[in-house]
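The next block holds one structure in the form of structure tokens; read it before the comments.
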DNA sequence: AGGAGATGTGGTAGCGTTGTCATTGGGGAT
DNA sequence: ATCCCCAATGACAACGCTACCACATCTCCT
């Protein structure tokens, strides 16, 4: 069989071609690899050559193509960051911390949002792994088996953040939601509340919020104070929704004397609702939230809440991932702890 | 010169090798390209072959390497998304909209955060362009010249969101901050306020907030009501900070009868501060914010504010970018408009 | 029957970069 | 002077994938 040499990949017809390392090499009269070395700041390059190359690169407006570089080196500076939501709530602050640390280390976060959907989480992670990230940071420890097998396949470091009540795949950063819930239960009991209620949202999708509530109820029961009633909204947690949930709960069970909210947004809504309804806080009803957002400090009645270190959680998650380059992180758990802010609402 | 064939890139010693398309091809007994076609869902593949390939791919847990694919096709499904901050404020909601639309279209947002720093914006964009994204979405229209030249060099679609008072590089989505400011000035004048103040944050870093304030002052002047005083915090906008700024402003200039805030966070802080200080709202002092966050609706005194379509802005920005595949977007401006929420605070 | 097209499959090269050697040319040690 | 070593530079192939063409069948016309 004769095969005529046919130059399969000719230059695209109309399309302009991206400036490449080779263009820079030609212009500066050196070899490709020398340009590569200069661009990467590799050692063993004379100042003169470096200067000539730099000048040529600037003149051409050359930007290295990381696609090619990463393909060759089998490594990238990408980090897959997978969170359930970003519209509001705690994740933007965690992301902020993650981004700050990663960027400083020259890494590039790639964001994936699951909408609290396990199937989407698998899809999102698959799409990100296709870019051969050097690591993964994800929220929560409750994942589809497919997530675990994909991670195992790739053999890259993974850090899970939020919750440390359950074992992470490799390493975890966060707080113990169970312990926080127990602390709140004890606080309520100690303060003499006897008919506590609970309000949550998102249909308790992130398992950790369900676990937190269950721990809350268990501890209350141990202290001889059964949970009087609860109201779980299927919708996202908002201030407005928190007001509505509170109204519903108190209409159904008016003798409730304190409410533990799964988050501060709902708690603030509840606080405002009670004020409008003419209830005195905390005399008629005690209110305690979760997360300790800044706004709760500025309200006329300072909101009591469990303060969680969200930004710090992102920082530590990113640091832990970075440390994987030095030493294996398997088994590392970072407990950042929480603090109960005793405001005026409980 | 004799050159011995030396297999330069042999298999890495200890390191495990990623499963490749070729592995799948070998296992299923077909050619590389056939596997490629199956994985991409390309046409002209018989059902039998497809099935055999899929089985082999599943068996090996194969994930395509997009690095290689994108390098070959000179295109990726990545979209660079550049915003000034993410910790709180308006951007998470915009990002949510962007992410929803892009993901649905099979695109992958890559996040870059500039911390309101023009130099960082250049750096961040450069890093992202190195991955040959198919498009860019960025906040604001006020960029370093280097940003413009990098974009021009790459010849990819760019959508700028937030503000449409200034011409975007290619296409823009947002509202007119100037018109919004003018509407607020008119509202104040019409309501009989005569000694208005203004409170901003971030040192007015995003130029659009300065432009907004200037438009506000100009219109007030036109209506014969000079701005009485203003207070610009250099720090990020927070509820707590808004309270402090308000206190400072009112201490310095106690006869102010209304305050326009650059954002709702500060406005809520101001509202709470005034309540604590025993001022009646809106009789003693009128308060109006900017952005129309949900929380303002739930406060005991409903916050008046300029409602901006943040989620929608993200959605439209992403859609506009997607539409660039069909028709050029140069010159396209999408004005999403705003609505003044007349609450109880003004 | 003979061709024209449609359909499925494969071979090859190359996307832009970098790892691995090879090569060159001093400079210092002997 | 001779040797060795190291710093500076270069040649080449390969990372994993897909565009481009070639080719073998297999219809379906005329």
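Protein chains in written order, with the working numbering: chain P, 520 to 865; chain S, 520 to 865.
No residue lacks a Cβ here, since even glycine has one placed at the ideal position from N, Cα and C.
Local conformation of residue i per DSSP, three classes
i, result
"residue 664 of chain S", "helix"
"residue 749 of chain S", "strand"
"residue 627 of chain S", "strand"
"residue 552 of chain P", "helix"
"residue 657 of chain S", "strand"
"residue 567 of chain S", "helix"
"residue 791 of chain P", "helix"
"residue 863 of chain P", "coil"
"residue 694 of chain S", "strand"
"residue 581 of chain P", "coil"
"residue 677 of chain S", "strand"
"residue 777 of chain S", "strand"
"residue 807 of chain S", "strand"
"residue 652 of chain S", "coil"
"residue 822 of chain S", "coil"
"residue 600 of chain S", "strand"
"residue 609 of chain P", "coil"
"residue 636 of chain P", "coil"
"residue 800 of chain P", "coil"
"residue 531 of chain P", "Interpretation of residue 531 of chain P is limited by its pLDDT of 44, a score under 50 that renders its predicted location unreliable; no figure is taken from the coordinates."
"residue 866 of chain S", "No answer is possible for residue 866 of chain S: the residues shown for chain S start at 520 and end at 865."
"residue 617 of chain P", "helix"
"residue 670 of chain P", "helix"
"residue 645 of chain P", "helix"
"residue 537 of chain S", "coil"
"residue 829 of chain P", "helix"
"residue 858 of chain S", "strand"
Through-space distance from residue j to residue i, alpha-carbon basis
i, j, result
"residue 642 of chain P", "residue 723 of chain S", "40 Å"
"residue 661 of chain S", "residue 729 of chain S", "12 Å"
"residue 529 of chain P", "residue 536 of chain P", "Bear in mind that a pLDDT of 43 at residue 529 of chain P, under 50, signals an unreliable position, so the number given afterwards is only what the model happens to contain. If you take the alpha carbons of residue 529 of chain P and residue 536 of chain P, they lie about 12 Å apart."
"residue 777 of chain P", "residue 768 of chain P", "11 Å"
"residue 706 of chain P", "residue 747 of chain P", "16 Å"
"residue 577 of chain P", "residue 562 of chain P", "21 Å"
"residue 773 of chain P", "residue 716 of chain P", "10 Å"
"residue 790 of chain P", "residue 806 of chain P", "7 Å"
"residue 520 of chain S", "residue 544 of chain P", "With a pLDDT of 36 at residue 520 of chain S, under the threshold of 50, the predicted position of this residue should be treated as unreliable, though the coordinate-derived value follows. Roughly 25 Å separates the two Cα atoms."
"residue 548 of chain P", "residue 541 of chain P", "10 Å"
"residue 595 of chain P", "residue 754 of chain S", "35 Å"
"residue 532 of chain S", "residue 614 of chain P", "Any answer about residue 532 of chain S is weak, because its pLDDT of 44 lies below 50 and its placement is not dependable; what the coordinates show is given next. Answer to the nearest angstrom: the Cα atoms are 37 Å apart."
"residue 659 of chain S", "residue 620 of chain S", "20 Å"
"residue 524 of chain S", "residue 591 of chain P", "Only weak support is given to the placement of residue 524 of chain S: the predicted model assigns it a pLDDT of 40, under 50, and the question is left unresolved by the model."
"residue 664 of chain S", "residue 637 of chain S", "10 Å"
"residue 574 of chain S", "residue 667 of chain P", "20 Å"
"residue 625 of chain S", "residue 822 of chain S", "39 Å"
"residue 611 of chain S", "residue 589 of chain P", "30 Å"
"residue 833 of chain S", "residue 783 of chain P", "26 Å"
"residue 682 of chain S", "residue 635 of chain S", "15 Å"
"residue 671 of chain S", "residue 800 of chain P", "59 Å"
(request) Taking 8 Å as the threshold, find out whether the segment 562-572 of chain S comes into contact with the segment 675-693 of chain S through three or more Cβ pairs. (result) no
(request) Could you please tell me which residues of the segment 604-616 of chain S, in chain order, have their CB closer than 7 Å to any CB of chain P? (result) 605, 606, 607, 611, 612, 614 and 615
(message) Does the structure place the segment 641-655 of chain P close enough to the segment 669-685 of chain P that three or more beta carbon pairs sit under 8 Å?
(response) yes
(request) Flag this pair as touching only if the segment 853-864 of chain S and the segment 822-829 of chain S have three or more C-beta atom pairs under 8 Å; answer yes or no. (result) yes
(message) Below 8 Å, how does it come out for the segment 731-743 of chain P and the segment 693-713 of chain P: are there three or more Cβ pairs, yes or no?
(response) yes
(request) Flag this pair as touching only if the segment 803-820 of chain P and the segment 837-853 of chain P have three or more C-beta atom pairs under 8 Å; answer yes or no. (result) no
(request) For the segment 630-645 of chain P and the segment 580-598 of chain P, state whether three or more C-beta atom pairs, one from each stretch, are separated by less than 8 Å. (result) no
(request) At 3 residues or longer, and completely inside the segment 697-747 of chain P: list those beta strand (DSSP E) runs for me, N to C. (result) 715-719
(message) Short of 7 Å Cβ to Cβ, which residues in the segment 615-639 of chain S face chain P?
(response) 615, 618, 627, 628, 629, 630 and 632
(request) Could you run through the segment 783-802 of chain P and flag, in chain order, every residue whose CB is less than 9 Å away from some CB of chain S? (result) 784, 787, 788, 791, 792, 794 and 795
(request) Decide yes or no for the touch test of the segment 591-608 of chain S against the segment 598-614 of chain P: beta carbon pairs closer than 8 Å, at least 3 of them. (result) yes
(request) May I ask you to list, following chain order, the residues of the segment 695-713 of chain S that have a beta carbon less than 7 Å from some beta carbon of chain P? (result) none
(request) Closer than 9 Å, Cβ to Cβ, to anything on chain S: give me those residues from the segment 713-747 of chain P, in chain order. (result) none
(message) Counting only Cβ-Cβ distances shorter than 8 Å, please list the residues of the segment 567-591 of chain S near chain P, keeping chain order.
(response) 580, 582, 583, 584, 585, 586, 587, 589 and 590
(request) Could you please tell me which residues of the segment 832-849 of chain S, in chain order, have their CB closer than 8 Å to any CB of chain P? (result) none
(request) Determine which residues of the segment 803-832 of chain P have a Cβ less than 8 Å from any Cβ of chain S, and write them out in chain order. (result) 813, 814, 816, 817, 818, 819 and 830
(request) With 9 Å as the limit, tell me which residues of the segment 644-670 of chain S have their beta carbon closer than that to any beta carbon of chain P; keep them in chain order. (result) 645, 646, 647, 648, 649, 650, 651, 668 and 669
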